[in-house]
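Structure first, commentary second.
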Amino acid sequence: MAVTTGSMTDEQRKSVALESLKAFDSGGTTSTGGSILDLFADDAEVFFPKWGIAAGKESVGKLFSDVGSTLKEIKHDYATINWIFSGSDMVVAEGTNRGEHRDGPWRADEPGWGAGRWCDVFEIRDFLIQRVFIYFDPDYAGRDTDRYPWLAER
Numbered sequence: 004m005a006v007t008t009g010s011m012t013d014e015q016r017k018s019v020a021l022e023s024l025k026a027f028d029s030g031g032t033t034s035t036g037g038s039i040l041d042l043f044a045d046d047a048e049v050f051f052p053k054w055g056i057a058a059g060k061e062s063v064g065k066l067f068s069d070v071g072s073t074l075k076e077i078k079h080d081y082a083t084i085n086w087i088f089s090g091s092d093m094v095v096a097e098g099t100n101r102g103e104h105r106d107g108p109w110r111a112d113e114p115g116w117g118a119g120r121w122c123d124v125f126e127i128r129d130f131l132i133q134r135v136f137i138y139f140d141p142d143y144a145g146r147d148t149d150r151y152p153w154l155a156e157r
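Each residue of the sequence shown is one higher than the one before, starting from 4 at the first, in the numbering used here.
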């Protein structure tokens, strides 16, 4: 178990989480010019749908590289993110995004059943992301419709 060296406020945890989203949108570069991986603890865990759990910075870097290589552009809608604080190290962010995947563009609510809505559950301690589990539909371009009869009817 790691020793806690400093307490954090909810706003400080939110700023770390927001910086990670902005860095992902900027191709992995933080607002200070550093790497997105600088925001993560050495033993951090990240879950991404259809990828699994990355454990440790090297694995997290591989996950981000794999996912990032499929994206031409991504932009989270920062102004409309819903932030939920637990009174502990946990922060939940729920929002929308848009961009272009190698399979095509996407935007939240275009169509309403498509990609663009997400929810991330962060654990942030000592100004580093210890854990983030990312929940959303990774079918950015909405091509996976054959397996869902209700989509074929539209």
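Just so it is clear, CB atoms sit at the ideal spot from N, CA and C, and this is done for glycine as well. Please read these numbers as outputs of a predicted model, since none were measured by experiment.
Using a Cβ cut-off of 8 Å (strictly closer), state whether N85 contacts chain D.
Going by chain labels, chain D is absent from the structure shown, which holds only one protein chain.
On the three-state DSSP scale, how would you describe W153?
Helix, per DSSP.
Answer with buried or exposed for S91, where buried requires no fewer than 16 other C-beta atoms within 10 angstroms of its C-beta.
exposed
Supposed close pair G115, A144 - CB separation, criterion 8 Å:
With 8 Å as the limit, G115 and A144 do not qualify as a contact, their Cβ atoms being about 15 Å apart.
Have a look at A82 and R150 and give me their C-alpha separation to the nearest angstrom.
34 Å
The alpha helix (DSSP H) spanning F27 covers which residue range?
Looking at the DSSP string, the run of the alpha helix (DSSP H) that includes F27 is 13-28.
The region 63-77 contacting the region 43-51, beta-carbon criterion three pairs below 8 Å:
At 8 Å Cβ cutoff, the stretches touch.
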